[in-house]
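Asks:
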Amino acid sequence: MTGLEERIQLEILKAMKAREKHSLVPLRMLKTALDNARVEKGRGGVPLSEEEIITVVRRLVKQRKEAAEQFAAVGASGRAEEERREADLLSSFLPPSLEDEDILDVIRSVATEAGAKGPSDLGRVMGRAMGQLKGKAEGERIRDLAARFLDTL
């Protein structure tokens with residue numbers, strides 16, 4: 038078991054002992070998603086790497102945020118708030134994201150390497166930037182910063 042997986046298991050036990058249902062449900066959902074990812078990879082008893090765990094957590098956080106937006110759009114504010122709370126809880130297992138300036142530094146260097154001349158080179162810059170920033174920042178944020186940077190060229 039990796040350090041992150043152990044931390045998740047400890048949080049589940051802590052929530053069970055404290056009878057915190059609002060924390061226990063998303064934590065169990067996370068554990069199930071990790072188990073499913075392990076089975077999909079054909080590694081029944083072999084633990085996932087930290088990067089694989091982070092990928093699963095990011096996917097679940099994104100799902101919770103999208104669900105919160107949808108519930109808010111139809112006026113179910115209570116359910117939207119619950120989804121946001123779950124997203125926040127799951128986000129606590131993610132490493133801190135890079136600051137915009139750090140992301141821009143990578144984008145600048147990648148754009149220079151790729152010979153980017155403007156917004157039409159976004160795909161080329163994004164491909165290389167995502168390779169270097171995977172797991173360190175959200176793709177949507179990287180895309181927005183890259184697009185803004187390329188607009189200035």
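Counting in the numbering used here, the sequence shown runs from 38 upward without gaps. Note that the Cβ used here is the ideal one computed from N, Cα and C, for glycine as well.
(1) For the alpha helix (DSSP H) containing G172, list its first residue and its last residue.
(2) Is the distance from the Cβ of R145 to the Cβ of F186 below 8 Å?
(3) With distances taken Cα to Cα, identify the nearest neighbour of V83 among R75, A55, A151.
(4) Would the beta-carbon of L71 fall within 8 Å of that of I49?
(5) Applying the 10 Å Cβ sphere with the 16-neighbour rule, what's the burial state of L47?
(6) Would you grab the beta carbon distance between A104 and E120 for me? Rounded to a whole angstrom, and I think it's under 8 Å.
(7) Just the C-alpha distance for S134 and L127, rounded to the nearest angstrom, thanks.
(8) Between which two residues does the alpha helix (DSSP H) containing D125 stretch?
(9) Using only CA atoms, which one of K154, D158, G155, Q169 lies nearest to D139?
(10) Could you pull out every residue in the same chain whose Cβ sits closer than 7 Å to the Cβ of A151, ignoring the five residues on either side in sequence?
(11) For R122, which residues in the same chain have their Cβ closer than 6 Å to its Cβ, ignoring the five residues on either side in sequence?
(12) Given that a residue counts as buried once 16 or more other Cβ atoms are within 10 Å of its Cβ, and exposed if not, what is R101?
(13) So, with DSSP's three-state summary, where would you put S134?
(14) L190 lies in the alpha helix (DSSP H); which residues open and close that run?
(15) Tell me the residue span of the alpha helix (DSSP H) that contains P156.
(16) Once DSSP output is grouped into helix, strand and coil, what is the label at G176?
Replies: Considering the structure as presented:
(1) Counting along the chain, G172 falls outside any alpha helix (DSSP H), and DSSP gives it neither H nor E.
(2) yes
(3) R75
(4) no
(5) exposed
(6) 5 Å
(7) 14 Å
(8) 114-128
(9) Q169
(10) D158, R161, V162, R165
(11) none
(12) buried
(13) coil
(14) That residue, L190, is in no alpha helix (DSSP H); it is neither H nor E in DSSP.
(15) Counting along the chain, P156 falls outside any alpha helix (DSSP H), and DSSP gives it neither H nor E.
(16) helix
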